[in-house]
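To start, the structure under review is shown below, and the notes come after it.
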Amino acid sequence: MLTSLQNTLVKQIRKLHSSKERHKQDLFLIEGTHLVEEAVSVNYPLEVVCCTSAWQAANSSLWQQVCNLSERAETVSEEVLKAIATTVQPDGIVATAKRGDRTLKVPFTDIVLALETIQDPGNLGTIIRTAAAAGVSGLWVSEDSVDLDNPKVLRASAGQWFRLATAVSPDLRTTVQQSQEEGMQVVATLPNASLTYWEVDWCKPSLILLGNEGAGLSTELTAMADVQVKIPLQPGVESLNVAICAALMLYEAQRQRNYKL
Numbered sequence: 295m296l297t298s299l300q301n302t303l304v305k306q307i308r309k310l311h312s313s314k315e316r317h318k319q320d321l322f323l324i325e326g327t328h329l330v331e332e333a334v335s336v337n338y339p340l341e342v343v344c345c346t347s348a349w350q351a352a353n354s355s356l357w358q359q360v361c362n363l364s365e366r367a368e369t370v371s372e373e374v375l376k377a378i379a380t381t382v383q384p385d386g387i388v389a390t391a392k393r394g395d396r397t398l399k400v401p402f403t404d405i406v407l408a409l410e411t412i413q414d415p416g417n418l419g420t421i422i423r424t425a426a427a428a429g430v431s432g433l434w435v436s437e438d439s440v441d442l443d444n445p446k447v448l449r450a451s452a453g454q455w456f457r458l459a460t461a462v463s464p465d466l467r468t469t470v471q472q473s474q475e476e477g478m479q480v481v482a483t484l485p486n487a488s489l490t491y492w493e494v495d496w497c498k499p500s501l502i503l504l505g506n507e508g509a510g511l512s513t514e515l516t517a518m519a520d521v522q523v524k525i526p527l528q529p530g531v532e533s534l535n536v537a538i539c540a541a542l543m544l545y546e547a548q549r550q551r552n553y554k555l
């Protein structure tokens, strides 16, 4: 059992709390029973798994599965577990996994999201969760967005992070151009657009552009959109949360597609 906070492995995992170290070590954290279960359910390869003896006793079947999927499995003290976790009250298990190539292609088919300069990890995680629930093909984020593998993003995704194709786009303008070349319509939200979001033909393959929480979409990306839509708001209401905007459009797309079936 690992009990020392000075242990080399413990120190290495603690460093993964920072974005810089996650990039440097090419690793990210998977915290908590639920996220570990979701990773195991899709056979996501794990590097190191650390859990308390109490967790191991209560989750013997899952423990065996993570041992089979991981390169190294360790039992640790409660003190060590709390030190390597980013949450205030960890439930007994923390794992690490390779970040991998986050620039892998998302398929230009069906419905795809492209997010520009999203800063809040809770928003990104919620969008990932909603997109997975709505059957989206994949999701792009710009390089200046919050890290896809930020621990808060994974938690907010409720484990759907492991089920949705995601990637970092080095240049969203190029991504938009490529999607248009593949025959996708590019849809952007704009407060003064003439069309409402339910007037779009969502049965067409579509790339939905969503922008920064405060500034919205850049003028360059907005100008590239084939269709600009608005989400009607009551007087005095300036805007909606970006994750809610995503949910409204994704489920309108699902409604139209299911109705036509």
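Okay, so the sequence shown: first residue is 295 according to this note's numbering, each after it adds one.
Every residue gets a Cβ at the ideal spot worked out from N, C-alpha and C, and that includes glycine.
Cutoff 7 Å: residue i Cβ touching any chain D Cβ
i           : result
residue 432 : The structure shown contains no chain D; it holds only a single protein chain.
Rounded straight-line distance, which links the Cα of residue j to that of residue i
i           : j           : result
residue 490 : residue 316 : 41 Å
residue 355 : residue 470 : 45 Å
residue 467 : residue 514 : 8 Å
residue 308 : residue 321 : 12 Å
residue 311 : residue 553 : 45 Å
residue 335 : residue 361 : 14 Å
residue 331 : residue 409 : 27 Å
residue 303 : residue 418 : 30 Å
residue 544 : residue 430 : 8 Å
residue 541 : residue 406 : 13 Å
residue 485 : residue 519 : 14 Å
Classification of residue i by the beta-carbon crowding that lies within 10 angstroms, buried from 16 upward
i           : result
residue 517 : exposed
residue 495 : exposed
residue 325 : buried
residue 432 : buried
residue 351 : exposed
residue 478 : buried
residue 364 : buried
residue 530 : exposed
Pick from the options that is closest to residue i, judged by C-alpha positions
i           : options            : result
residue 329 : 484, 524, 447, 519 : 447
residue 327 : 462, 478, 357      : 357
residue 474 : 402, 509, 458, 506 : 402
residue 537 : 366, 508, 551      : 508
residue 306 : 505, 525, 384, 389 : 389
residue 463 : 456, 436, 478      : 436
residue 442 : 412, 365, 480      : 412
residue 416 : 426, 445, 550      : 445
residue 414 : 550, 535, 549      : 535
residue 426 : 438, 505, 456, 439 : 456
residue 392 : 333, 295, 428, 386 : 333
Closer than 8 Å is the cut-off here; do at least three beta carbon pairs connect the segment 368-378 with the segment 394-401?
no
Ordered list of beta strand (DSSP E) runs contained in the segment 368-439, each at least 3 residues:
387-392, 405-409, 432-436
Ignoring anything shorter than 4 residues or poking outside the segment 333-364, list the alpha helix (DSSP H) runs there in chain order.
347-352, 354-363
What ranges does the beta strand (DSSP E) occupy inside the segment 440-476, keeping only unbroken runs of at least 3 residues that lie completely in it?
459-463, all fully within the segment 440-476.
Segment contact, 8 Å Cβ cut-off, at least three pairs: the segment 416-425 with the segment 442-461:
Yes: the two stretches touch, three or more of their Cβ pairs being nearer than 8 Å.
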